[in-house]
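Shown next, in structure tokens, is the structure this report addresses.
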Amino acid sequence: SSSFPDFYHNDDKESFAFETCRERWPKILNDCIDDIKLALSKDQKYDASQADQIIDGFNSLIKNMANGDKLTDFPPEIITLIPNLQSFNDSLAKFATEGEKLTWLTAPWLFTECYLYRRIDALIKLQPSWKDFDIFEDKKQKSFQSTAPAVYELAKRYQSLHQESFSSGEKLNDQALKSLFKEFIDVCLWGNKIDLSLLANKSQDEVHAGQTAEKRIEAEKNIISNDTNQVWDYLVKLDQGRTHAKRMDFVLDNSGFETFTDLIFSLFLLDAQITETVVIHCKTRPWMVSDTMIKDIDILLDDLVDQSFFPESGAALQFIHSKLETYIKQGNIKLTDSEFWTIDLDYWHIDGGDASQLASSLYGDLIKSDLIFIKGDLNYRKTTADRKWDKTTPFVNAIGALSSNGLKIVSLRTCKADVCVGLPRGLDEKLSEEWHKSTGEIGGLWCSSGNWAVISFSEGNAK
Ligand code: F6P
Ligand code: MG
Numbered sequence: 003s004s005s006f007p008d009f010y011h012n013d014d015k016e017s018f019a020f021e022t023c024r025e026r027w028p029k030i031l032n033d034c035i036d037d038i039k040l041a042l043s044k045d046q047k048y049d050a051s052q053a054d055q056i057i058d059g060f061n062s063l064i065k066n067m068a069n070g071d072k073l074t075d076f077p078p079e080i081i082t083l084i085p086n087l088q089s090f091n092d093s094l095a096k097f098a099t100e101g102e103k104l105t106w107l108t109a110p111w112l113f114t115e116c117y118l119y120r121r122i123d124a125l126i127k128l129q130p131s132w133k134d135f136d137i138f139e140d141k142k143q144k145s146f147q148s149t150a151p152a153v154y155e156l157a158k159r160y161q162s163l164h165q166e167s168f169s170s171g172e173k174l175n176d177q178a179l180k181s182l183f184k185e186f187i188d189v190c191l192w193g194n195k196i197d198l199s200l201l202a203n204k205s206q207d208e209v210h211a212g213q214t215a216e217k218r219i220e221a222e223k224n225i226i227s228n229d230t231n232q233v234w235d236y237l238v239k240l241d242q243g244r245t246h247a248k249r250m251d252f253v254l255d256n257s258g259f260e261t262f263t264d265l266i267f268s269l270f271l272l273d274a275q276i277t278e279t280v281v282i283h284c285k286t287r288p289w290m291v292s293d294t295m296i297k298d299i300d301i302l303l304d305d306l307v308d309q310s311f312f313p314e315s316g317a318a319l320q321f322i323h324s325k326l327e328t329y330i331k332q333g334n335i336k337l338t339d340s341e342f343w344t345i346d347l348d349y350w351h352i353d354g355g356d357a358s359q360l361a362s363s364l365y366g367d368l369i370k371s372d373l374i375f376i377k378g379d380l381n382y383r384k385t386t387a388d389r390k391w392d393k394t395t396p397f398v399n400a401i402g403a404l405s406s407n408g409l410k411i412v413s414l415r416t417c418k419a420d421v422c423v424g425l426p427r428g429l430d431e432k433l434s435e436e437w438h439k440s441t442g443e444i445g446g447l448w449c450s451s452g453n454w455a456v457i458s459f460s461e462g463n464a465k
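Residue numbering for the sequence shown follows the UniProt record's numbering, starting at 3 and increasing by one per position.
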């Protein structure tokens, strides 16, 4: 019905969707069942018969997936409790008119994935003693702890940089600033390599192998589309024509190490006087296993200075902790959240006149930002609508209204799904061939492996 390429679907054999809905989601749901049982055994505030209801719900979802059952509407009593779930029912109705086959194993991938996490959330929210339980908190904490060496290294690096370069309060010269900007944008990019939903089929070690400085420099060649220079040129221009205090935003992805890298990058942007304010956008609910809620940042701050969590948490972590606390207290770092991030709608909706109230009010806020860092894979899929673009499509041609509605965005994303744009001609073919040769898998799955990454910029002023 549109002139855009089709969505990726759960029955596309070539897509990572295929294995995701058949293997990864059931595994994630089984982990959820274990986590309910564990929480019940540890904490008296949780009700056992309510736990049974949640677990029954999870088991039904697993069965629905295995059978390839239809995706059903959220029922009225749940809509009453959580009104914005109506968005999913509206989309199901709309997809039906477009002839989509709306089952767990055939529907559009991005929609189904969002729908799954809201089904999980709704099952929990319906049970009063469990409604504040974050089913993924345990996983998020364990994963953060397992990145301790990278956390120490990055904290030390930042502390010594600060002593060398920022303690005098003078602004660095442009050359030095640019090279540091490149360093920290890369740190922030590769921080996204960790994503707990992928641990469902990868070892911790495999996922964490990319985190030290040496690995990061080596990984530079794996950034297959890189607009960092354009972003920097934009920032220089912004500084010259400056009429107001600058604001930059982060649309966060994962909790723990990735958020730590986002916070370090924020410190850099503030200390280097590249911006006056950083606004950090979190999820309102547990999402995609590892995504960050505001309370996860509070927990992260406590973790940094907790010797039982990070045994080597010495001066450097103390330093980072107190810098962050100060900026938060002074309002230079603001934490916020929106229900928009956890509905099904893609980010083409983040536009002034959009029918979704959540989307248009978010636009009203984001338009005040000088630069919005959009982190990670799922956010990238929502930015490009998870459509089957030819991979040489320019980024600005794949982001709908975002290309021209004034939002200044830069996507920092390690590729964990099929969609990808902005690549040079021939690269997809070359990587596909190499991937197939080295793994025996379908070649196109190189793009879902997390080994490659993109940094893509749009100034929001395309004609
Ligand atoms: O399959 C891709 C995936 O694992 C999806 O679950 C989700 O789109 C995404 O990656 C999560 O990754 P990130 O945390 O980087 O958004
Ligand atoms: Mg995530």
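Quick reminder that beta carbons are idealized off the backbone N, C-alpha and C, glycines included.
Coarse secondary structure for residue i, derived from DSSP in three states
i           : result
Met290      : coil
Ser227      : strand
Leu404      : helix
residue 524 : Examination of residue 524 is not possible in this model, given that the chain is present from 3 through 465 alone.
Ile51       : In the sequence as presented, Ile is not what sits at residue 51; that position holds Ser. DSSP places Ser51 in helix when its eight states are reduced to three.
Ile369      : coil
residue 466 : The chain is shown from 3 up to 465; residue 466 falls before or after that span and cannot be answered.
Pro77       : coil
Phe459      : strand
Ser362      : helix
Phe336      : The amino acid occupying residue 336 in the given sequence is Lys; Phe does not appear at that position. Three-state DSSP puts Lys336 in a strand.
Leu414      : strand
Lys173      : coil
Thr105      : strand
Pro85       : helix
Arg389      : strand
Phe375      : strand
Gly110      : This sequence places Pro at residue 110; Gly is not what is there. DSSP places Pro110 in strand when its eight states are reduced to three.
residue 472 : In this structure the chain extends from 3 to 465, so residue 472 is not present and cannot be described.
Lys331      : helix
Phe9        : strand
Lys184      : helix
Lys72       : strand
Cutoff 8 Å; reference residue i; Cβ partners in own chain excluding five residues on either side
i      : result
Ile64  : Pro28, Leu31, Asn32
Ala178 : Ser167
Proximity of residue i and residue j at Cβ, strictly below 7 Å
i      : j      : result
Ser362 : Ile411 : no
Lys195 : Thr338 : no
Asp388 : Tyr10  : yes
Ile296 : Cys284 : yes
Thr149 : Ile187 : no
Ala400 : Thr386 : yes
Asp408 : Gly366 : Per the sequence presented here, residue 408 reads as Gly, with Asp not at that position. No.
Leu373 : Met250 : yes
Gly258 : Lys141 : no
Leu254 : Lys377 : yes
Trp454 : Asn175 : no
Leu347 : Lys393 : no
Val398 : Ala317 : no
Gly193 : Glu260 : yes
Ile335 : Val280 : yes
Gln161 : Phe262 : no
Thr114 : Asn228 : no
Ile266 : Leu360 : no
Beta-carbon contacts of residue i that lie in its chain and below 7 Å, excluding the five residues immediately before and after
i      : result
Leu433 : Trp448
Asn66  : Trp106
Ser205 : Low local confidence applies: a pLDDT of 49 at Ser205 is under 50, so the model's placement there is unreliable, with the coordinate-based value given in what follows. Here the set comprises nothing.
Gln309 : Ser315
Asp75  : Asn91, Leu94
Ala98  : Leu104
Asp420 : Tyr10, Ser17, Phe18, Gly446, Cys449, Ser450
His323 : Leu303, Leu306, Val307
Gln88  : Ile81
Proximity test, residue i beta-carbon vs the ligand GTP heavy atom, cut-off 6 Å
i      : result
Thr386 : This structure lacks the ligand GTP; its bound ligands are the ligand F6P and the ligand MG.
Contact set for residue i: own chain, Cβ-Cβ below 6 Å, skip 5 residues either direction
i      : result
Asp356 : Ser362
Phe252 : Asp264, Ile282, Phe375
Gln275 : Lys173
Tyr382 : Ser413, Arg415
Lys248 : Thr277, Glu278, Asp372
Trp125 : It should be pointed out that residue 125 corresponds to Leu in this sequence rather than to Trp. So the list reads Ile56, Gly59, once near-sequence residues are dropped.
Inset, instruction - Examine the Cβ distances between the segment 270-285 and the segment 174-194 and report whether three or more of them are shorter than 8 Å. - result: yes
Inset, instruction - Would you list, in sequence order, the uninterrupted alpha helix (DSSP H) runs of no fewer than 4 residues that lie entirely inside the segment 247-282? - result: 259-273
Inset, instruction - Count the C-beta pairs between the segment 287-295 and the segment 331-349 that are closer than 8 Å, then say yes if the count reaches three, no if not. - result: yes
Inset, instruction - Would you be able to state if there are at least three C-beta pairs under 8 Å between the segment 39-53 and the segment 121-141? - result: yes
Legend entry - Sufficient close CB pairs (3 or more, under 8 Å) joining the segment 150-162 to the segment 86-106: no
Inset, instruction - Pick out the complete alpha helix (DSSP H) segments inside the segment 122-166, 4 residues or longer, and give them in chain order. - result: 139-148, 150-163
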